[in-house]
Amino acid sequence: MSINMKSYRNSSEVENSISKLFSSIDNLLRDEKERKFRIKLGNKIKDCIFTDDIMNELNENDLSGLIDEEEEIVFLFSMLFPVFVENEGVTFRLYRHKIEVDLSDDMRDRYIYIFSDGRLTSGLFESFRLYDDEYVYGVKRIINVIPLLKSAIKEALIDFQENGSRRKEKIQSLKNKGIIAKKNFDELSEMLRRNR
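In this note's numbering, the protein residues as written are 232 to 427.
See the structure below:
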């Protein structure tokens with residue numbers, strides 16, 4: 232009788248383990264699907280903001296002679312962004328790769344939306360998923376200000392084009408910062424090498 236009891240218990244444990252395994256696999260597949268949807272959504276939002284029209288306007292700015300050609304768009308983005316928009320008491324800061332949303336001065340009311348993976352993270356480092364109400368609420372707020380963000384980019388471009396002398400000063404300042412950053416990187420890398 233005890234052999235049957237052990238056999239039954241072992242069989243039950245195996246079934247329970249198999250059930251847990253299938254449940255884990257199902258959860259992984261569901262999470263991966265949700266992640267893919269977030270990535271698609273993030274790319275769609277970025278494409279709605281940085282339309283071909285806006286990208287063409289960005290590319291029309293001639294910085295030749297001031298910086299290397301391959302660095303032009305990076306410099307341009309660093310000089311124009313972040314772009315600020317206020318709407319209904321909420322501040323939006325648009326960067327090349329993300330949007331920061333401040334609902335208030337409180338850290339828990341701050342959010343960062345990363346375009347590349349569609350991730351919405353709170354100021355308290357809580358990440359939200361596409362199935363969370365907070366995610367949907369936050370992304371709706373962002374979608375609603377897309378026209379304002381596009382207008383702000385265009386205004387920043389006009390200001391940039393009208394201030395040629397300031398542009399040269401800012402480029403030189405950014406070049407100097409690049410030199411300082413390289414020097415600091417070398418120094419910190421050397422410290423790491425010595426501490427191995």
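Glycine is no exception: its CB is placed at the ideal position from the N, C-alpha and C atoms.
Practice item. Just mark Ala-412 as buried or exposed, buried being the case when its beta carbon has 16 or more other beta carbons within 10 Å. Key: exposed
Check your understanding: Going by the CB atoms, is the gap between Asp-363 and Ile-270 shorter than 9 Å?
Key -> no
Point to revise | Supposed contact pair Ile-384 and Ile-285 - C-beta distance, whole angstroms, cut 8 Å | key: 6 Å
**Study point:** Exposed unless 16 or more other CB atoms sit within 10 angstroms - verdict on Gly-320
**Key:** exposed
Review point. What are the boundary residues of the alpha helix (DSSP H) that includes Glu-319?
Key: From DSSP, Glu-319 is part of no alpha helix (DSSP H); its letter is neither H nor E.
Practice item. Consult DSSP for Asp-333 and reduce its assignment to one of helix, strand or coil. Key: If DSSP states are grouped into helix, strand and coil, Asp-333 belongs with the strands.
Exercise for review: Look up Ile-343 in the DSSP assignment and say whether it is helix, strand or coil.
Suggested key: strand
Check your understanding: Would you report the Cα separation of Lys-408 and Phe-308, rounded to the nearest angstrom?
Key -> When only Cα atoms are considered, Lys-408 and Phe-308 end up about 15 Å apart.
Check your understanding: With distances taken between CB atoms, is the gap from Phe-391 to Gly-273 smaller than 9 Å?
Key -> No.
Practice item. Assign Phe-416 to one of three DSSP states: helix, strand, or coil. Key: helix
Check your understanding: How many Å lie between Tyr-342 and Asp-283 at the Cα?
Key -> Per the coordinates, the alpha-carbon of Tyr-342 lies some 27 Å from the alpha-carbon of Asp-283.
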